[in-house]
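Undergrad: Got a structure for you, written out below as structure tokens; questions coming shortly.
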């Protein structure tokens with residue numbers, strides 16, 4: 162698992178860094194203006210509304226595929242894949258037609274404060290982006306298929322390709338002074354970025370079949386599995402709509418894009434760590450669950466949680482302390498000014514603790530899904546959404562965009578606490594006290610690291626803020642690395658021992 166996770170982290174990091182370059186380009190040319198707001202709103206509408214239905218189907222694909230393979234063999238599982246893809250194509254076509262027809266209504270719901278040209282651009286962008294449902298949803302099935310075959314590199318590289326094409330599209334649109342090129346270019350990119358998939362899938366002896374069988378019992382089982390996920394995802398989408406609507410009201414020009422930029426920086430960390438670990442352990446957890454090796458599955462899940470917290474807690478502290486210089490160095494250029502930096506760094510500071518809840522939810526959810534239990538995750542999500550919306554309304558009244566971030570963090574941690582408590586109640590001991598003891602050690606070490614980070618940055622920033630930022634980050638990593646070894650956390654010591662035997666003894 163560790164080797165796979167490291168490979169995924171490297172690939173995901175490259176994807177996030179190229180994504181950052183893409184967003185830097187958007188920030189440079191568009192900043193937080195009306196075009197950027199229109200793009201941010203329109204690009205989310207198709208997937209919030211209808212992507213959730215298809216995403217919920219895909220989320221259940223791995224455990225169902227594993228079950229079919231265990232009971233009936235690989236060929237039957239691949240036939241199920243063909244049937245699922247054909248059904249998804251049909252459903253996507255219907256959804257695209259609906260989005261095109263009701264686009265004006267959708268923009269009014271997602272961004273009620275938009276008017277005039279800004280509203281019209283948002284409507285047209287929404288209609289164009291609707292067609293990206295085809296490649297996105299079809300590729301989601303093939304990504305899951307390749308992950309089960311341990312073809313992680315091919316499965317995770319499309320994002321890197323996409324980011325470069327997006328930058329090229331943006332530059333062309335600016336040169337030609339036609340912002341609609343952005344939308345059409347991004348749509349074309351969505352199709353082009355999967356050009357490596359056909360050969361990879363063929364090498365796994367998959368041959369697509371023309372079959373459309375709605376009566377397949379495993380399609381029924383997948384739908385039954387997906388319905389609670391759909392409710393859960395739709396609830397989170399409702400939360401996104403609420404956040405975007407409130408952001409557009411709190412700050413009509415730049416509110417939505419400010420939240421988007423803060424989320425982007427946050428997702429660089431959460432994506433590299435949480436997504437990589439979750440992706441690497443999910444197929445293994447599903448296999449163990451299908452073979453009824455529940456204790457081993459629980460150990461895999463808790464090992465994933467510990468590994469994620471070793472990395473996300475110091476990352477969270479670092480983001481909070483260095484939020485302003487991070488936003489400044491990553492985004493402040495062109496029409497993206499100091500005022501934008503101040504706003505987004507505040508949002509990012511209060512948003513950072515969300516990663517604590519997100520990590521538990523993402524990994525423990527996979528534990529529930531592997532056991533084909535979707536009820537608890539939906540309860541947790543409903544708790545999160547209701548609490549988040551209530552806190553959104555209350556806290557945004559006092560603290561504006563920062564209030565939205567605080568609400569998200571509190572709701573995420575609350576839902577995660579409920580979820581891990583429920584998992585222990587349903588499936589027995591998970592060595593939670595041992596896990597909590599490790600987390601306390603990591604938190605104390607991270608706070609000590611954070612104090613040194615703040616002192617180092619403040620002492621150098623007047624000379625050169627870039628030097629101060631880089632120095633404080635490097636020193637923070639060194640300080641945390643030394644202290645975490647002395648904490649003697651088993652997962653850390655195992656890595657240290659492997660490195661020692663591989664490199665130190667080899668040199669001797």
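Numbering (the numbering used here), first residue to last: 162 to 669. For every residue, glycine included, the Cβ atom is placed at its ideal position computed from N, Cα and C.
Quick check: the Cα distance between residue 176 and residue 315, rounded to an integer number of angstroms?
TA: Within the chain shown, residue 176 is the residue found at index 15, counting from 1. Within the chain shown, residue 315 is the residue found at index 154, counting from 1. The alpha-carbon atoms of residue 176 and residue 315 are separated by roughly 13 Å.
Undergrad: With respect to the alpha helix (DSSP H) encompassing residue 457, which residues constitute its N-terminal and C-terminal limits?
TA: Position 296 of the chain shown, counted from the start, is the residue given in the question as residue 457. Residue 457 -> alpha helix (DSSP H) spans 455-482.
Undergrad: By DSSP, does residue 367 sit in helix, in strand, or in coil?
TA: The residue given as residue 367 occupies position 206 in the chain shown. Coil at residue 367, not helix or strand.
Undergrad: Going by DSSP, what residue range makes up the alpha helix (DSSP H) through residue 625?
TA: Here residue 625 is taken as the residue at index 464 of the chain shown, counted from 1. Taken as a continuous stretch (DSSP letters only), residue 625 belongs to no alpha helix (DSSP H), as it is neither H nor E.
Undergrad: What span of residues does the alpha helix (DSSP H) with residue 523 cover, start to end?
TA: For this step, residue 523 is matched to residue 362 along the chain shown. 515-531 is the span of the alpha helix (DSSP H), which, as asked, contains residue 523.
Undergrad: Give me the Cα-Cα distance between residue 494 and residue 326, rounded to the nearest whole angstrom.
TA: Within the chain shown, residue 494 is the residue found at index 333, counting from 1. Within the chain shown, residue 326 is the residue found at index 165, counting from 1. Computed Cα separation, rounded: 21 Å.
Undergrad: With residue 532 and residue 450 assumed to form a contact (beta carbons below 8 Å), what rounded beta-carbon distance in angstroms separates them?
TA: Translated into the one-based positions of the chain shown, residue 532 becomes position 371. Translated into the one-based positions of the chain shown, residue 450 becomes position 289. 5 Å between Cβ atoms; contact.
Undergrad: Inspect the beta-carbon positions of residue 632 and residue 612 and report whether they are closer than 8 Å.
TA: If you number the chain shown from 1, residue 632 lands on position 471. If you number the chain shown from 1, residue 612 lands on position 451. No, Cβ-Cβ distance for residue 632 and residue 612 is not below 8 Å.
Undergrad: Going by beta-carbon coordinates alone, are residue 430 and residue 524 separated by less than 8 Å?
TA: Taking the first residue of the chain shown as 1, we reach residue 430 at position 269. Taking the first residue of the chain shown as 1, we reach residue 524 at position 363. Cβ atoms of residue 430 and residue 524: not closer than 8 Å.
Undergrad: Out of 599, 280, 257, state which residue places its alpha-carbon closest to the alpha-carbon of residue 474.
TA: Working through the chain shown from its first residue, we reach residue 474 at position 313. Closest option to residue 474, judged by alpha-carbon separation, among 599, 280, 257: 599.
Undergrad: Go ahead and label residue 651 buried or exposed: buried means 16 or more other beta carbons lie within 10 angstroms of its beta carbon, across all protein chains shown.
TA: In the chain shown, residue 651 corresponds to position 490, counting from 1. It is exposed - the Cβ of residue 651 has fewer than 16 other Cβ atoms within 10 Å.
Undergrad: Tell me the residue span of the alpha helix (DSSP H) that contains residue 338.
TA: Stepping through the chain shown from its first residue, residue 338 is reached at position 177. First-last for residue 338: undefined, no H or E at that position.
Undergrad: Specify, as a first and last residue, the run of the alpha helix (DSSP H) that residue 404 falls within.
TA: Counting from one through the chain shown, the residue named residue 404 turns up at place 243. Where residue 404 is concerned, the enclosing alpha helix (DSSP H) stretches over 378-411.
Undergrad: Going by DSSP in three states, residue 422 sits in which element: helix, strand or coil?
TA: As a first step, residue 422 is located in the chain shown; it is residue number 261 there, counting from the start. Three-state DSSP puts residue 422 in a helix.
Undergrad: Taking buried to mean at least 16 other C-beta atoms within 10 Å of its own C-beta, is residue 461 buried or exposed?
TA: What you label residue 461 is simply residue 300 of the chain shown in a count that begins at 1. Burial call: buried.
Undergrad: Leaving out five residues on either side along the sequence, give the residues of the same chain with a beta carbon under 8 Å from the beta carbon of residue 575.
TA: Position 414 of the chain shown, counting from 1, holds the residue named residue 575. Same-chain partners within the cutoff: 518, 544, 545, 548.
Undergrad: With 16 other CB atoms within 10 Å as the buried threshold, where does residue 258 fall?
TA: Residue numbering aside, residue 258 sits at position 97 when the chain shown is read from its first letter. When all chains shown are included, residue 258 counts as exposed.
Undergrad: Express the C-alpha separation of residue 476 and residue 561 in angstroms, rounding to a whole number.
TA: The sequence position of residue 561 within the chain shown is 400, counting from 1. The sequence position of residue 476 within the chain shown is 315, counting from 1. Cα to Cα, residue 561 sits roughly 25 Å from residue 476.
Undergrad: What does a CB cutoff of less than 7 Å around residue 521 pick up in its chain, not counting 5 residues either side in sequence?
TA: Residue 521 sits at position 360 when you count from the first residue of the chain shown. Around residue 521: 466, 577, 580, 581.
Undergrad: Where does residue 305 fall in DSSP's three states?
TA: Taking the chain shown and counting its residues from 1, the one referred to as residue 305 is at position 144. In this structure, residue 305 counts as helix in the three-state DSSP scheme.
Undergrad: If you draw a straight line from the C-alpha of residue 182 to the C-alpha of residue 587, how long is it?
TA: As a first step, residue 182 must be located in the chain shown, where it is residue number 21. As a first step, residue 587 must be located in the chain shown, where it is residue number 426. If you take the alpha carbons of residue 182 and residue 587, they lie about 44 Å apart.
Undergrad: Tell me the DSSP secondary structure of residue 273 in three-state form.
TA: Indexing the chain shown from 1 puts residue 273 at position 112. The DSSP-derived three-state label of residue 273 is coil.
Undergrad: CB residue 408 to CB residue 397, shorter than 8 Å?
TA: To locate residue 408, count along the chain shown from 1; it is residue 247. To locate residue 397, count along the chain shown from 1; it is residue 236. No, the Cβ-Cβ distance between residue 408 and residue 397 is not below 8 Å.
Undergrad: Please classify residue 156: does DSSP put it in a helix, a strand, or coil?
TA: Only positions 162 to 669 of the chain appear in the structure, and residue 156 is not among them; the question remains open.
Undergrad: Note down, in chain order, each residue of its chain lying with its Cβ closer than 6 Å to the Cβ of residue 653, except the 5 sequence neighbours on either side.
TA: Start at 1 with the first residue of the chain shown, and residue 653 comes out as number 492. Within the same chain, residue 653 has close Cβ partners 645.
Undergrad: Assuming residue 184 contacts residue 422 (C-beta within less than 8 Å), just tell me the rounded distance between them.
TA: As a first step, residue 184 must be located in the chain shown, where it is residue number 23. As a first step, residue 422 must be located in the chain shown, where it is residue number 261. That pair is a contact at about 7 Å.
Undergrad: Is the beta carbon of residue 440 less than 8 Å from the beta carbon of residue 308?
TA: As a first step, residue 440 must be located in the chain shown, where it is residue number 279. As a first step, residue 308 must be located in the chain shown, where it is residue number 147. In this structure, residue 308 lies closer than 8 Å to residue 440 by Cβ.
Undergrad: Please classify residue 553: does DSSP put it in a helix, a strand, or coil?
TA: Taking the first residue of the chain shown as 1, we reach residue 553 at position 392. In the structure shown, residue 553 sits in a helix (DSSP, three-state: H, G or I).
Undergrad: Spatial neighbours of residue 253 within its chain, please: C-beta separation below 6 Å, excluding the five flanking residues on both sides.
TA: Indexing the chain shown from 1 puts residue 253 at position 92. Cβ neighbours of residue 253 beyond the five flanking positions: 294, 295, 298.
Undergrad: Taking its Cβ as the centre, do 16 or more other Cβ atoms sit within 10 Å of residue 255, making it buried, or is it exposed?
TA: The residue given as residue 255 occupies position 94 in the chain shown. Residue 255 comes out exposed.
Undergrad: Near residue 230, which residues of its chain fall below 6 Å by C-beta distance, leaving aside the five closest residues on each side in sequence?
TA: Here residue 230 refers to the residue found at position 69 when the chain shown is read from its first residue. The answer, listed in chain order, is 238.
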